[in-house]
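Numbering (our numbering), first residue to last: 768 to 1061.
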Ligand code: GLU
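Set out below in structure tokens:
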């Protein structure tokens, strides 16, 4: 029998929700409700330097104003270091994770020496220097040893996806040089511990999914289903973000905000209530995953 649906919205508290983040919140809520499942909220505050004090509470108030109430008290990643530590220890003891002494400059130099300064979204593809040991340097970060080969997965909206993580990303970071837990490790550990069956999140995160599947497999964890929602673009054509002037969500008129998000999700009907939005979502996504007909 299929596991009972558990979904989640996992904002990073780097500022208040804006129109773009509400799309992901609404989609994950609608999908959970459409499946008669549970919907959880997790505050992803592992990247402390990027977190803004009080933003978590603002986000929770904004969600509440929009009627998006989680079925359990929210979880803060900052309280879960021991879980991430246990996962890293397990990977290290199995030889799957290794300490890395490379600075960005070391990585650039190693790549240049190979004649291929490969970069992807501003991130360098790690050349694997410390796979064979630290070469006398001090450990800075921890990385996952990634086996070559493509990861295939299916996105409920975008269809079949594939990525060769070893070639396109390289051995990626699990614990950063500044001691912070990397998003990839924290999200995989928490999705598994919270029993998440369906990840519904913004399409800007699509590219992380193959890394997360590699990590799930390394930790012998189940892989959830994924659905990446359309992005709201700012005036410059880039993803709406605080950096390009996204305004905090106006919770004085939650229905207008929710209808804006529903339009981005392609829900044609103007919704007068959450029940209307739910019916529209069920019509739209019935075929993508076993939804009962209406
Ligand atoms: N915390 C991430 C963000 O706000 C989202 C993580 C996820 O949904 O997997 O971009």
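Glycine included, C-beta positions come from ideal geometry on N, C-alpha and C.
Everything numeric in this text was worked out from a predicted model, so none of it was measured.
Examine ligand 1 and report whether any of its heavy atoms sits within less than 7 Å of the Cβ of residue i.
i, result
"residue 968", "yes"
"residue 777", "yes"
"residue 1005", "no"
"residue 952", "no"
"residue 890", "no"
"residue 998", "no"
"residue 972", "yes"
"residue 960", "no"
"residue 935", "no"
"residue 811", "yes"
Can you tell me which of the three DSSP states residue i falls into?
i, result
"residue 825", "helix"
"residue 1121", "The shown model of the chain, from 768 to 1061, leaves out residue 1121, and the question about it has no answer."
"residue 810", "strand"
"residue 896", "helix"
"residue 1057", "Confidence is the limiting factor: at residue 1057 the pLDDT is only 48, short of 50, which leaves the residue's position unreliable and the question unanswerable from this model."
"residue 768", "Confidence at residue 768 is low in this model, with a pLDDT of 39, below 50, so the placement of that residue is unreliable and no value is reported for it."
"residue 775", "strand"
"residue 1050", "helix"
"residue 1021", "helix"
"residue 990", "coil"
"residue 965", "strand"
"residue 852", "helix"
"residue 805", "strand"
"residue 838", "coil"
"residue 1000", "strand"
"residue 875", "helix"
"residue 1008", "coil"
"residue 1062", "Absent from the structure is residue 1062, since the part of the chain shown begins at 768 and ends at 1061."
"residue 916", "coil"
"residue 1070", "There is simply no residue 1070 to check, as the chain begins at 768 and stops at 1061 in what is shown."
"residue 946", "coil"
Please report the Cβ distance between residue i and residue j, rounded to the nearest whole angstrom; I am assuming they are in contact, meaning their Cβ atoms lie under 8 Å.
i, j, result
"residue 790", "residue 1028", "5 Å"
"residue 869", "residue 833", "Their Cβ separation, rounded to whole angstroms, is 44 Å, which puts residue 869 and residue 833 out of contact at 8 Å."
"residue 980", "residue 773", "About 18 Å separates the two Cβ atoms, so there is no contact after all."
"residue 847", "residue 957", "7 Å"
"residue 912", "residue 864", "7 Å"
"residue 941", "residue 951", "7 Å"
"residue 874", "residue 842", "The Cβ separation is near 33 Å, so there is no contact."
"residue 1050", "residue 795", "Rounded, the Cβ-Cβ distance is 18 Å, inconsistent with contact."
"residue 971", "residue 1006", "5 Å"
Over the uninterrupted beta strand (DSSP E) stretch that includes residue i, give me the two end residues.
i, result
"residue 865", "864-867"
"residue 820", "Neither: residue 820 is in no beta strand (DSSP E) and is coded neither H nor E."
"residue 911", "908-911"
"residue 941", "940-942"
The alpha helix (DSSP H) spanning residue i covers which residue range?
i, result
"residue 957", "950-960"
May I ask whether a heavy atom of ligand 3 can be found less than 7 Å away from the beta carbon of residue i?
i, result
"residue 1002", "Ligand 3 is not part of the structure shown, which contains ligand 1 as its ligands."
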